[in-house]
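Q: Keeping their order, the protein sequence lines are chains P and L.
Going by our numbering, the residue at position 393 of the first sequence is 432; the numbering climbs one at a time, nothing skipped.
Going by our numbering, the residue at position 426 of the second sequence is 1257; the numbering climbs one at a time, nothing skipped.
All C-beta atoms in this analysis are idealised placements derived from N, C-alpha and C, irrespective of residue type, glycine included.
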Amino acid sequence: MNDLSTPRAVEPAAGRIEPIVLRERGQREVFCGLTGIVWLHRKMQDAFFLVVGSRTCAHLIQSAAGVMIFAEPRFATAILTDRDLAGLADAGDELDRICVTLLERRPDIATLFLVGSCPSEVIKLDLAKAAERLNARLFPRVRVHNYSGSGIETTFTQGEDNALRALVPTMPATDERQLLVVGCVADVVEDQLVRIFADLGIGPVRFLPARRARDLPPVGPGTLLLLAQPFNGETARALVARGARILQAPYPFGAEGTTAWLRAAADAWGVDTERFDAVTAPGIARARASLERARERLSGKRVFLMPDSQLEIPLARFLHRELGMSVIEVGTPYLDRQMVAAELPLLPPEATLSEGQHLERQLDRVRAAKPDLTVCGLGLANPLEAEGLTTKWSIELVFTPIHGYEQAGDLGGIFARPVERRERLKP
Amino acid sequence: MQLTLWTYEGPPHVGAMRIADSMRGVHLVLHAPQGDTYADLLFTMIDRQDRRPPVSYTTFQARDLGGDTANLVTRAVTDALERFQPQVILVGESCTAELIQDQPGSLAQGMRLPVPVVPLELPAYSKKENWGASETFYQLARTLLADRIPPPGTPRPGREGARRPRANLLGPTALAFRCRDDVTEIGILLEKMGVDVNVVAPLGASPDDIRRLPEADFNIDLYPEVSRTLATWLERQFGMPRTKVIPMGVGATRDFIAEVAGLAGLDPAVALAGELPGQASRSSSASRAPWYSRSVDSTYLTGKRVFIFADAAHAIAAARIAAEEMGFTVVGLGTFDRAFARDVREAAAKYGVEALISDDYLEVEKAIAAASPELVLGTQMERHIAKRLGIACAVISSPIHVQDVPARYSPVFGFEGANVLFDAWVHPLMMGLEEHLLQMFREDFEFHDGAAASHLPAASPAAPRPAAAVAPAPPAQAAPAPEAAVPANEPGDPQWTPDGEKELGKIPFFVRGKARRNTERFALERGIRRITVETLYDAKAHFSR
Ligand code: SF4
Ligand code: SF4
Chain P
40 MNDLSTPRAV EPAAGRIEPI VLRERGQREV FCGLTGIVWL HRKMQDAFFL
90 VVGSRTCAHL IQSAAGVMIF AEPRFATAIL TDRDLAGLAD AGDELDRICV
140 TLLERRPDIA TLFLVGSCPS EVIKLDLAKA AERLNARLFP RVRVHNYSGS
190 GIETTFTQGE DNALRALVPT MPATDERQLL VVGCVADVVE DQLVRIFADL
240 GIGPVRFLPA RRARDLPPVG PGTLLLLAQP FNGETARALV ARGARILQAP
290 YPFGAEGTTA WLRAAADAWG VDTERFDAVT APGIARARAS LERARERLSG
340 KRVFLMPDSQ LEIPLARFLH RELGMSVIEV GTPYLDRQMV AAELPLLPPE
390 ATLSEGQHLE RQLDRVRAAK PDLTVCGLGL ANPLEAEGLT TKWSIELVFT
440 PIHGYEQAGD LGGIFARPVE RRERLKP
Chain L
832 MQLTLWTYEG PPHVGAMRIA DSMRGVHLVL HAPQGDTYAD LLFTMIDRQD
882 RRPPVSYTTF QARDLGGDTA NLVTRAVTDA LERFQPQVIL VGESCTAELI
932 QDQPGSLAQG MRLPVPVVPL ELPAYSKKEN WGASETFYQL ARTLLADRIP
982 PPGTPRPGRE GARRPRANLL GPTALAFRCR DDVTEIGILL EKMGVDVNVV
1032 APLGASPDDI RRLPEADFNI DLYPEVSRTL ATWLERQFGM PRTKVIPMGV
1082 GATRDFIAEV AGLAGLDPAV ALAGELPGQA SRSSSASRAP WYSRSVDSTY
1132 LTGKRVFIFA DAAHAIAAAR IAAEEMGFTV VGLGTFDRAF ARDVREAAAK
1182 YGVEALISDD YLEVEKAIAA ASPELVLGTQ MERHIAKRLG IACAVISSPI
1232 HVQDVPARYS PVFGFEGANV LFDAWVHPLM MGLEEHLLQM FREDFEFHDG
1282 AAASHLPAAS PAAPRPAAAV APAPPAQAAP APEAAVPANE PGDPQWTPDG
1332 EKELGKIPFF VRGKARRNTE RFALERGIRR ITVETLYDAK AHFSR
């Protein structure tokens, strides 16, 4: 465990070697990008997500959402049928009809996302064109965007990246110097961050996405990007193409991660150390205190992270450096080096970093390593528990507020709870 | 294109997974993209299974398209065979693979594997989960029994010697409603009757068990959604008769016993000894339900309005129980499964309601709201509808959620099943006498608005809530959607006068929501703008006619 007493502790030790990367291909057990709709629609309260796909896609979203049925959800699937495939119905007309009916029902919707799926992509349904056509008809009342959440092109959290990427071209231009935080964070986290940035004298601060998708933040040469999620690489690059600059930082998980992340912005704004320390000290103290219990429980234990949400690398760093866990393997669906440039050097060198997946071989490694905690998808958790392993299903990490100082304890708790539970239950 | 908010059934390949997952020695290779692996969690989370479903996915990606997607199939089949050593391999595809037309079934058949390969056609753009399960079960059995079909016209061999009659229990699967315990319960019933269970399938069956199906004298078509196709085929090819009654409820269980006795050549009178239909005595049935239903506490159940929407078999059976065994009034009956629409229509006609055949969740919600029932019997979907409308609800069929797979023994078929159903349906309603007492003591301070009946958990979102008519019940987890379930008052809506509102406050909270709804509807229909005490009692008189 590194010394946390100075926020600068994140600087990698000189000459540290990066972990070896194991590239694997085989069966993958990861959700597709459609899953992102579950949290995206909660963040952007004026947005509706219409998947153009199959019954499988509809079933996926409702299963991933834990079949949490809301009054009337702000997502739906336009299910392709035989008629559409046989060309009996013009897919474009059908889609227009569905969108118009839908928007008539929901006058509160100001942004409509048409979301492509594997079937819509394989039959080459042009959703960009459909969006253009619908915009001509519906804008300005409703702005229509399109992106792909298909499982042949995206994994799990890449859906968010594609959705946000789709917003970039319509963001207004600005030359103003501003901080843009990129990636969905819970509203409560957003409010906390706004307060901290204000205390640091950093501003204006804007968020992508905003709570109303319609309130698009501007972007331009004066924009500095602070990435809140490690999976928004395409969005970040699209923003860079519009003049923005990325502030490299680890992600704001845990006391250390949050401090380093805030510091990247503070440095860019020339905030002096004294002020920075004064503003962050209470948060750091609370975060550390709230991590104590988890640390007691997890320190010295061994963790294996299966590839799932793309959060694996920053979380492995957090588990290792702040909770004292040793990391056996960090799986990631794909390795976007630019996005994790500040994280990789902080991983323990003995950890194996694996990219992609060969599920059966990876499970063999899990069984051989007998980790104290395995972070994995919902489909694998109970079977591994039944084999005697302790697991944490990773989807909770995208549904729960885990960013920032005030959530550090909750984040620690997510990993500590399953371990504590196993210790409590008498065999 | 069909606009879908929530789907009752998954795609047909999920049906195929349910068959593979239910059996031993069977492995399914699915040609599908990575996202489709979500289906594993249905089995491991909802059904709490302690092992992964026996399914391999090829998980092809965009970059494989036009290249070696076919190779992925053969590799997945080879790997699955080596790693899992199944006795049979099922090969199917999901919606996306259907479009790229790799024909994974034929590919696998061409591999000359040492085990039988069953290629599955699962048309994802026209069929759904139940169809997929039924078709997979049928194709699997057909493949395994291909060399055993007797020439047409062969008379069925009689029962040798003094052997007891034998039956197969067909249709129970993973992820279906209470199959695990229903199979046990029906097994006990058959045992008492002197009938042996030859094979239970697919749940727990091996390919060898499937080969033994024809050794039974007849089939019990226990879950027709899954087993009707196969049972009819066995009837045609092997001359095996099948049952038609679903033994859910006391009356249906008695009918089932009579039917089985007929098929088994037994005297039904023996099996039905002790079953005294219509008798109020405690020992009139092997089930306690008839007595409980006759005990005075149950008077309060009389005429409770019940809306039933489920898979066809459970819906039809539930309607009969509701009407004949609980003394409820059936105000709605329907199913999401069009394949059985005719049966449901026939049943609905008996209760003087029009069957609702729809897989459109919003339409079902609208119908339930319009019927203003006091109890909803449905699926996991209807649980949510009922929760939002503040109506009591019990789940009687899949699609289910994790709490519908209880740890305790809780069948819904047979005599014990009738007991379970009685409890499950009455519990969410106000306990009869307790309701009565609440009425009598409603002025006492303990019975203030917030007090719920003692048997209901204080904060249970499923409990009928006083404010249900004006605010959505809080969701069980911490991610409530902001959408309000109840539309805000339109300007033209009737307004409550202070007096009317005050009088409404004197009505016990557990019926207040309903009183408010009814009165508002009454006023609206008559163009009454101000709801006074008079309006309230006019409405009460109107609705109690
Ligand atoms: S409220 Fe949530 S947990 Fe409860 S049944 Fe519905 S989906 Fe399941
Ligand atoms: S993987 Fe493709 S077909 Fe499957 S749910 Fe995702 S988008 Fe739909």
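DSSP on residue 1170 of chain L, reduced to helix/strand/coil?
A: Of the three classes helix, strand and coil, the one that applies to residue 1170 of chain L here is helix, per DSSP.
Q: Listed from N- to C-terminal order along the chain, which residues in the region 420-441 of chain P have their beta-carbon within a distance smaller than 8 Å of any beta-carbon of chain L?
A: Result list: 420, 421, 422, 424, 425, 438.
Q: Beta carbons nearer than 8 Å to chain P: which residues of the region 924-936 of chain L have them?
A: So the close ones are 925, 926, 927, 930, 931.
Q: Please state whether the Cβ-Cβ distance between residue 1114 of chain L and residue 1249 of chain L is less than 8 Å.
A: No, they are not a contact pair.
Q: Could you give the DSSP three-state label for residue 1358 of chain L: helix, strand or coil?
A: Three-state result, residue 1358 of chain L: coil.
Q: Per DSSP, residue 185 of chain P is paired with what?
A: According to DSSP, which records beta bridges pairwise, residue 185 of chain P is partnered with P/153.
Q: By the 7 Å beta-carbon criterion, what residues does the region 861-878 of chain L contribute toward chain P?
A: Flagged, chain order: 864, 865, 866, 867, 868, 869, 871, 872, 873, 875, 876.
Q: Which runs of the beta strand (DSSP E) at least 3 residues long sit entirely within the region 963-1024 of chain L? Give them in chain order.
A: Segments of the beta strand (DSSP E) lying fully in the region 963-1024 of chain L: 997-1001.
Q: Can you tell me whether residue 943 of chain L is buried or exposed? The criterion is at least 16 other CB atoms within 10 Å of its CB, across all chains shown.
A: Result: exposed.
Q: Can you tell me whether residue 1331 of chain L sits near ligand 2, meaning its C-beta is under 7 Å from at least one heavy atom of the ligand?
A: No; taking the cut-off as 7 Å, the Cβ of residue 1331 of chain L has no heavy atom of ligand 2 nearer than that.
Q: Determine the direct distance from the alpha carbon of residue 1207 of chain L to that of residue 1133 of chain L, and round the result to whole angstroms.
A: Each residue's Cα considered, the two are about 15 Å apart.
Q: Within this structure, are the beta carbons of residue 891 of chain L and residue 900 of chain L separated by less than 8 Å?
A: Taking 8 Å as the Cβ cut-off, residue 891 of chain L and residue 900 of chain L qualify as a contacting pair.
Q: Can you find a C-beta in chain L that's less than 8 Å from the C-beta of residue 167 of chain P?
A: No, its Cβ sits nowhere closer than 8 Å to a Cβ of chain L.
Q: Take residue 419 of chain P as the anchor and find which of P/344, P/154, P/165 has the nearest alpha-carbon.
A: Nearest C-alpha to residue 419 of chain P: P/344.
Q: Applying the criterion that 16 or more other CB atoms from any shown protein chain within 10 Å of the CB defines a buried residue, is residue 1145 of chain L buried or exposed?
A: The residue is buried, with at least 16 neighbouring Cβ atoms inside 10 Å.
Q: I'd like the span of the alpha helix (DSSP H) that includes residue 1058 of chain L, first residue to last.
A: Counting along the chain, the alpha helix (DSSP H) containing residue 1058 of chain L begins and ends at 1055-1069.
Q: To which residues does DSSP link residue 129 of chain P through a beta bridge?
A: None, per the DSSP bridge assignment.
Q: One question on the structure: do residue 450 of chain P and residue 441 of chain P come within less than 8 Å of each other, judged by their Cβ atoms?
A: Yes, they are a contact pair.
Q: Tell me, please, whether the CB atom of residue 338 of chain P is closer than 8 Å to any CB atom in chain L?
A: By this cut-off, residue 338 of chain P is not an interface position.
Q: In angstroms with no decimal places, state the Cα-to-Cα distance between residue 240 of chain P and residue 310 of chain P.
A: Cα-Cα distance, rounded: 8 Å.
Q: Under a CB-based cut-off of 8 Å, is residue 848 of chain L close to chain P?
A: Not an interface residue.
Q: Start and end of the alpha helix (DSSP H) containing residue 201 of chain P?
A: Its alpha helix (DSSP H) spans residues 197-206.
Q: Can you list, in chain order, the residues of its chain with a C-beta nearer than 8 Å to that of residue 1082 of chain L? Leave out the 5 residues immediately preceding and following it.
A: Same-chain partners within the cutoff: 1108, 1151, 1152, 1155, 1156.
Q: May I ask which residues mark the beginning and end of the alpha helix (DSSP H) holding residue 394 of chain P?
A: Counting along the chain, residue 394 of chain P falls outside any alpha helix (DSSP H), though it belongs to the beta strand (DSSP E) covering 391-395.
Q: Taking a contact to mean a Cβ-Cβ separation below 8 Å, would you say residue 134 of chain P touches residue 832 of chain L in this structure?
A: Yes.
Q: Between the alpha carbons of residue 188 of chain P and residue 155 of chain P, how many angstroms are there, rounded?
A: The straight-line gap from Cα to Cα measures roughly 6 Å.
Q: Just the C-alpha distance for residue 939 of chain L and residue 903 of chain L, rounded to the nearest angstrom, thanks.
A: Using only the alpha carbons, I get a separation of about 11 Å.
Q: So what does DSSP say about residue 1184 of chain L, is it helix, strand or coil?
A: Reduced to three states, the DSSP call for residue 1184 of chain L is coil.
Q: Comparing the CB of residue 927 of chain L with every heavy atom of ligand 2, is any distance shorter than 7 Å?
A: Because some heavy atom of ligand 2 lies under 7 Å away, the Cβ of residue 927 of chain L counts as near it: yes.
Q: Which runs of the beta strand (DSSP E) at least 3 residues long sit entirely within the region 894-955 of chain L? Give them in chain order.
A: List check, beta strand (DSSP E) in window: 919-924, 948-950.
Q: Please report how far the alpha carbon of residue 288 of chain P lies from the alpha carbon of residue 382 of chain P, in whole angstroms.
A: Cα to Cα, the separation comes out at about 8 Å.
Q: If I measure Cβ to Cβ from residue 1349 of chain L and keep anything under 6 Å in the same chain, skipping five residues before and after, which residues do I get?
A: Here the set comprises 1370, 1374.
Q: On a CA-only basis, which of L/1251, L/1140, L/1168 is nearest residue 1197 of chain L? Give me that one, please.
A: Nearest of L/1251, L/1140, L/1168 to residue 1197 of chain L, Cα basis: L/1140.
Q: Checking contacts by CB at 8 Å: is residue 1191 of chain L closer than that to chain P?
A: For residue 1191 of chain L, the answer is no, since every Cβ of chain P falls outside 8 Å of its Cβ.
Q: Which chain P residues sit within Cβ distance under 7 Å of residue 957 of chain L?
A: Simply 120, 121.
Q: Does the Cβ of residue 190 of chain P lie closer than 7 Å to at least one heavy atom of ligand 2?
A: Answer for residue 190 of chain P: yes, Cβ within range of ligand 2.
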